[in-house]
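Peer 1: Throughout the sequence shown, residue numbering follows full-length UniProt numbering, covering 1 to 804 in sequence. Even glycine gets a Cβ: it sits at the ideal position worked out from N, Cα and C.
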Amino acid sequence: MKVGSTRPRWLLGKSLAEDFARAFSLDVRSLSGPWLGRVRSHLCLRRKPVLWTVSALCWLNALAVSAAAAENSEVSASDPLIAVHDGFVDEKTCAACHADEAAAFAKSHHAKAMAVADDRSVLGNFNNIQFDRDGVAALFFRRDGRFFVRTEGPDGKQADYEVKYTFAYEPLQQYLVDLGGGRLQALDIAWDTQKQEWFWLGEGSAARPGSTFHWTGPFYRWNRTCIDCHSTDPRTNFEPQTNEYNSSYVATSIGCQSCHGGGAKHVEWARAKAANASTAAADPGLAKVDSNTCFACHARRTRLVDRYQPGGHFLDQFSPALLRSDLYFPDGQILDEVFEYGSFQQSKMAMAGVTCFDCHRPHEGTVKAEGNALCTQCHAETAPQRFAGNDPSGAFDTPAHTHHPQGSSGGSCANCHMPERTYMKVDPRRDHSFVVPRPDLSALYGTPNACTSCHAGQTNAWASEHLDGWYGKAWRERPTIAHAFARAAQNDVAAIEKLRRFLTDPEQPGIVRGSAIGEMTRLDGPATAADVRVAAGDPDPLVRIGAAEAAANLSADLRLDAIGGLLTDETRAVRVAAARVLGATPSLDVLGDQRRAFDAAVDDLRTYMEANADVAEAQSSYGSLLFGQGRTDEAEKAFRQAIVLDPTLSGAHINLAEFYRASGDNERSEQTYAEAVAANPERADLRYGHGLSLVRLKAMPDAIEELTAALRLDPANSRYRTTAAIALDSVGRTDDAFALFGPTTAGGATVDATLLGTAIQLGLKLGRYADTLRFAEALARLQPNDPQIEELVRQLQDAVQHGR
């Protein structure tokens, strides 16, 4: 991954189990994994004897290179992290016989994903260039032919750091620095290859030295965040006892074996074939390359195993993030940096069997045709036989369809149906859900649409009028997931029925249905337990993952019945999700005969934890699971290890403090919060948790101070506002409590039913009927057709009209 693009959001759940569920999906591994396709044969029938001899000599030479590399595989002279791992060969071995593929791949961005810093690889200006912006300062310079940066280190002091590696190629390039202990850190100042200038990747104010999002912190650590997808067969090799790394890889950048798997067996096969074709094994010894290969890096996912094995199923090695409201817009378009998997899984293309290789050249990493010709491979007046059952045919590449001139930007299929969103400030990436422009949804929910994105300054209403004129108004009635997911994001329980219809609709993609069950249980767990059971039996593994994760929102006594069968699921991601939720169940005695299946699934979960031993979020989450199993000493150790890994990660402190609370030690819980707040006073979630811990100690003045501090730091958080108001009212400060809701209906806070209900109760208590009517009307809009709310509005209107 090119780091600096996403900040994980720690959201404190209703329980430790829910915290675990949230943290489990926090992962920002990403970016370019090459699409390396089937190796083409070099045999020529007309000149077979000559080329056969050449082939044999080629393989003998390759084997000599391979043997020499194996003998001296400890390190590379140019890159000390290179080690030819067991089952692999030196990447040069592949090029010896697959010259055409190697030449095509060498031109790709994948081939330039990472490189030793030298005059050829470094694109940035290191000629004594001073950067000073947004509170971040650095001097880029050269010394003795090497590349350096002078900037603020982990201790807050200025120091000189040598750039060891380049990271990515364009539209931006980052630089890696060795901070000791095997840690490679990515600078948060990157080089814009188009504008030819340095820029800061961060947002807002600069992070404190040593904190999560400072360039020296865990988020910018290559070994933790980026290693998966920029090198060949990377090994993290983290040592928990010392918190140091001994990372290695077969090749600095992405190479042939990143996608085809280790080449040692293939070399043996080729040698046997060159010696005697009739006795060569049928299996050429390479991993199958398909879309699962691409998804390994082009997805927002959590790794479940320590080493990615090319050729395996994606869901047996990773667990993808579903359509969370912090990651995707309500209509499924990309919001946060989620890459391509999640959006593509929503598309009709994916459901019809379209793969990455239908559009992309695997070695070059480029599209197979330019402009609309890429789309009209299938979307032409005559449908390809392969997709005849889905009938993608039609006359689309015409002004009659696009209503824009042929060849213009507005006439581009991709510009309308794959709108771009920019990440890392300079890197535009296309949405792969292949949406239809919907300015009507943009007006309701703020979703992007291609019309107003291109026609800057125009309104959604303007775009909708044009679409009405071109296509009639039927386009407004096209099925969409936006209404249901937008309502769910607003905590409207009325969304459950709409989401339930998705769950039972086989025409909906699995990722939509799996996401729907999660939202349903979040809104009302008890009312949706039967739906979880139905989802757990779905043939699509993404739906079953959604069911397993959703079970965290059910009461402990309902979980086993709903998802117990998933402990033996054929897909690792499902088993791990089920074990994670059931493992946090207060008593494992309820497992009964399924205890053996649970123990086996926990082995998968333990593998996940070992694969993420250097990730504080994962260790904190594991502590939650251990606590659920009653293993309190181990749980406390895991929570503390999470804090060691990332002292400024609020979630780890919260989980440790809540662990003490759940153990009955409220004083120690408050002390843990107080220590965390002292180190991180600007974290609203810590101030809020501290406030609640003070409430439990009946220290109400101090509690109110912390709760209002949390609200001041995060004024849009409706939970903080509601809790602060309840606390103020409890000590007789009802007027002050009601005053907190002043900006609510004006957009100062996220409005939900709980917040509005609290405002209404306080307003009625004070007799402030005119103000209360505003809140009641807002609640009626949020929950229409509720007779009790309608009656309340009527009574308040009557009271205001008569001056009461």
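DSSP has residue 177 in a bridge; who is on the other side?
Peer 2: Partner(s): 163, 185.
Peer 1: Taking DSSP as the reference, what is the three-state secondary structure of residue 366?
Peer 2: Coil at residue 366, not helix or strand.
Peer 1: How about residue 533 and residue 562: are their beta carbons less than 7 Å apart?
Peer 2: Yes, they are a contact pair.
Peer 1: Using only alpha-carbon positions, find the residue among 132, 174, 105, 128 that is nearest to residue 121.
Peer 2: Taking only the C-alpha atoms, the option nearest residue 121 is 174.
Peer 1: Determine the direct distance from the alpha carbon of residue 272 to that of residue 398, and round the result to whole angstroms.
Peer 2: Distance between the alpha carbons of residue 398 and residue 272 is about 55 Å.
Peer 1: Please go through the same chain and pick out, in chain order, the residues whose beta-carbon is closer than 7 Å to the beta-carbon of residue 305, but skip the five residues on each side of it.
Peer 2: 317, 607, 611.
Peer 1: How is residue 191 classed by DSSP in three states: helix, strand or coil?
Peer 2: Residue 191 falls in the strand class under three-state DSSP.
Peer 1: Leaving out five residues on either side along the sequence, give the residues of the same chain with a beta carbon under 7 Å from the beta carbon of residue 800.
Peer 2: Taken in chain order, the residues that qualify are 769, 770, 773.
Peer 1: Can you tell me which of 753, 754, 703 puts its alpha carbon nearest to the alpha carbon of residue 731?
Peer 2: That would be 703, whose Cα lies nearest to the Cα of residue 731.
Peer 1: Quick one: using the 10 Å Cβ neighbour count with 16 as the cut-off for buried, is residue 504 buried or exposed?
Peer 2: With fewer than 16 other Cβ atoms within 10 Å, it is exposed.
Peer 1: Which whole runs of the alpha helix (DSSP H) in the segment 516-569 are 4 residues long or more, in chain order?
Peer 2: DSSP runs (the alpha helix (DSSP H)) wholly in the segment 516-569: 529-536, 541-550, 556-563.
Peer 1: Using a Cβ-Cβ cutoff of less than 8 Å, which residues in the same chain neighbour residue 677 once the five nearest sequence positions on both sides are dropped?
Peer 2: Correct list, in chain order: 683, 686, 687, 690, 706.
Peer 1: Measuring only the C-alpha atoms, how far is residue 781 from residue 486?
Peer 2: When rounded, the distance between both Cα atoms is 14 Å.
Peer 1: I need the straight-line Cα distance from residue 392 to residue 348, nearest angstrom please.
Peer 2: Distance between the alpha carbons of residue 392 and residue 348 is about 10 Å.
Peer 1: Using the Cα positions of residue 526 and residue 176, report the straight-line distance between them to the nearest angstrom.
Peer 2: Residue 526 and residue 176: Cα-Cα distance of roughly 49 Å.
Peer 1: How would you label residue 127, buried or exposed, when you count the other beta carbons within 10 angstroms and need 16 or more for buried?
Peer 2: Classification for residue 127: exposed.
Peer 1: Using C-beta distances below 7 Å, list every residue in its chain close to residue 346, excluding the 5 sequence neighbours before and after it, in chain order.
Peer 2: 332, 433, 509, 511, 512, listed in sequence order.
Peer 1: Please return the same chain residues whose Cβ sits closer than 8 Å to the Cβ of residue 381, not counting the five positions on each side in sequence.
Peer 2: The residues are 393, 394, 395.
Peer 1: Helix, strand or coil: how does DSSP classify residue 609 here?
Peer 2: Correct three-state label for residue 609: helix.
Peer 1: For a quick check, are the C-beta atoms of residue 248 and residue 235 less than 7 Å apart?
Peer 2: Their beta carbons are under 7 Å apart, which means residue 248 touches residue 235 by this criterion.
Peer 1: How many angstroms separate the CA atom of residue 196 from the CA atom of residue 135?
Peer 2: Whole-angstrom Cα-Cα distance: 21 Å.
Peer 1: Evaluate the contact criterion for the segment 256-267 versus the segment 209-222: three or more CB pairs, one atom per stretch, below 8 Å.
Peer 2: Touching, no, given that fewer than three Cβ pairs across the two stretches are closer than 8 Å.
Peer 1: Taking the straight line between their C-alpha atoms, what separation do you get for residue 613 and residue 668?
Peer 2: When rounded, the distance between both Cα atoms is 27 Å.
Peer 1: Starting from residue 762, follow the alpha helix (DSSP H) in both directions and report where the run begins and ends.
Peer 2: Element bounds for residue 762: 753-766.
Peer 1: Could you pull the DSSP bridge partners for residue 302 from this structure?
Peer 2: Residue 302 pairs with 319.
Peer 1: Which whole-angstrom value is the C-beta distance of residue 329 and residue 298, which I expect to be below 8 Å?
Peer 2: 19 Å between Cβ atoms; not a contact.
Peer 1: Would a C-beta distance cut-off of 7 Å place residue 776 and residue 792 closer than the cut-off?
Peer 2: Yes, they are a contact pair.
Peer 1: So for residue 62, helix, strand or coil by DSSP?
Peer 2: Confidence in residue 62 is poor, its pLDDT being 40 and thus under 50, which makes the residue's placement unreliable; the coordinate value appears in the next sentence. Three-state result, residue 62: helix.
Peer 1: Does DSSP put residue 284 in a helix, a strand or coil?
Peer 2: If DSSP states are grouped into helix, strand and coil, residue 284 belongs with coil.
Peer 1: With C-beta atoms as the reference, is residue 725 less than 7 Å away from residue 754?
Peer 2: Cβ atoms of residue 725 and residue 754: not closer than 7 Å.
Peer 1: Just verifying my parser: in three-state terms, what is the DSSP assignment at residue 584?
Peer 2: The answer is coil: DSSP assigns residue 584 none of H, G, I, E or B.
Peer 1: Hey, would you say residue 419 sits closer than 7 Å to residue 431, going by beta carbons?
Peer 2: Yes, Cβ-Cβ distance for residue 419 and residue 431 is below 7 Å.
Peer 1: What are the boundary residues of the beta strand (DSSP E) that includes residue 423?
Peer 2: It spans 420-423 - the beta strand (DSSP E) in which residue 423 sits, taken as one unbroken run.
Peer 1: Going by other Cβ atoms of all chains shown within 10 Å of its Cβ, with 16 needed for buried, is residue 784 buried or exposed?
Peer 2: By the 10 Å Cβ count, residue 784 comes out exposed.
Peer 1: Report buried or exposed for residue 721, applying the criterion of at least 16 other Cβ atoms within 10 angstroms of its Cβ.
Peer 2: Buried: at least 16 other Cβ atoms inside 10 Å.
Peer 1: Determine, using beta-carbon pairs with one atom in the segment 642-653 and one in the segment 204-220, whether at least three such pairs fall under 8 Å.
Peer 2: Cβ pair count under 8 Å is three or more, so yes.
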